[in-house]
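Take a look at the structure set out below.
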Amino acid sequence: MATVHRARISPLLPITEWTLVEGELTERRGVRVRRFPLSELRRLSITEGLARADFARGRVRIPARSFGRGGRLDDHGPSFVQLTEALASESAAYAPQLRLGRPRRQAAEMLVWTIVLCGSGALAVMAAAAMIGAWALGLALAARLIFVLILTAAALPWIDRQQITPN
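Numbering-wise, my numbering comes out as the position in the sequence shown, counting from 1, plus 1437.
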């Protein structure tokens, strides 16, 4: 029996449909179809509202919520739970090497990218100001970007720290 879940992952894209049939997960978005055999499933992470399946040849993200009319979010929780339960139970039979787990926290990676983008933005502002001869304006704007960079770098040591539990 096929298990089906539908959600619109973006207001600009057509509805995406995920179907689980006989050891194969199929993702359909408009005319685009991707098929993933469960025997190639490497990692499965299911959290409240999002499932992520890492296959040998790609990654599938399945949200529980969908964009509806007028920009509001519609909850498709029952079909999401049904699909993720079926995916977890069938993957045990088809993919014995499967690792179940929680998704990694990527906050530190996002902070590093913020630092890199603010630094390159500061350099671009200084270069543009130098080209038009407005050194004072360029320095003032770049200083504000560097301040954001410093604040972000100050938060970096506290990201992904393990909680210390008393004995």
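No residue lacks a Cβ here, since even glycine has one placed at the ideal position from N, Cα and C. Owing to the predicted nature of the structure, the values given are computational and were not obtained by experimental measurement.
Where T1589 falls: helix, strand or coil (DSSP): helix
Cβ shell of T1551 (< 7 Å), same chain only, five flanking positions each side left out: T1589
So with Cβ pairs under 9 Å, would you call R1471 a contact of chain D? The structure shown contains no chain D; it is built from a single protein chain.
Could you check how far apart the C-beta atoms of L1475 and E1461 are, in whole angstroms? I think they sit under 8 Å. 7 Å
At 3 residues or longer, what runs of the beta strand (DSSP E) sit wholly inside the stretch 1467 to 1499? 1469 to 1474, 1478 to 1484, 1487 to 1492
Cβ neighbour criterion (16 or more within 10 Å) applied to G1527: Per the sequence shown, the amino acid found at residue 1527 is Glu instead of Gly. Counting Cβ neighbours within 10 Å, E1527 comes out buried, since at least 16 surround it.
Beta-bridge pairing of S1503 - partner residues as DSSP gives them: D1511
A1532 lies in the alpha helix (DSSP H); which residues open and close that run? Here A1532 belongs to no alpha helix (DSSP H), and DSSP marks it neither H nor E.
Label W1455 either buried or exposed according to how many other C-beta atoms from any shown protein chain fall within 10 Å of its C-beta, with 16 as the threshold for buried. buried
Determine, using beta-carbon pairs with one atom in the stretch 1486 to 1500 and one in the stretch 1443 to 1457, whether at least three such pairs fall under 8 Å. yes
Report the residue from I1583, M1568, A1591, H1442 whose alpha carbon sits nearest the alpha carbon of S1503. H1442
Helix, strand or coil for E1454 per DSSP? strand
When you compare the CB positions of I1483 and A1525, do they come within less than 9 Å of one another, or not? yes
Rounded to the nearest angstrom, how far is the Cβ of L1582 from that of C1555, given a contact under 8 Å? 5 Å
Contact check, L1586 vs A1559, beta carbons under 9 Å: yes
Can you tell me where the beta strand (DSSP E) holding A1613 begins and where it ends? Here the chain covers residues 1438 to 1604 and nothing more, so residue 1613 does not appear.
Give the single residue among I1446, E1459, E1546 whose Cα lies nearest to the Cα of G1467. I1446
If I follow the unbroken beta strand (DSSP E) through A1444, where does it start and stop? 1440 to 1444
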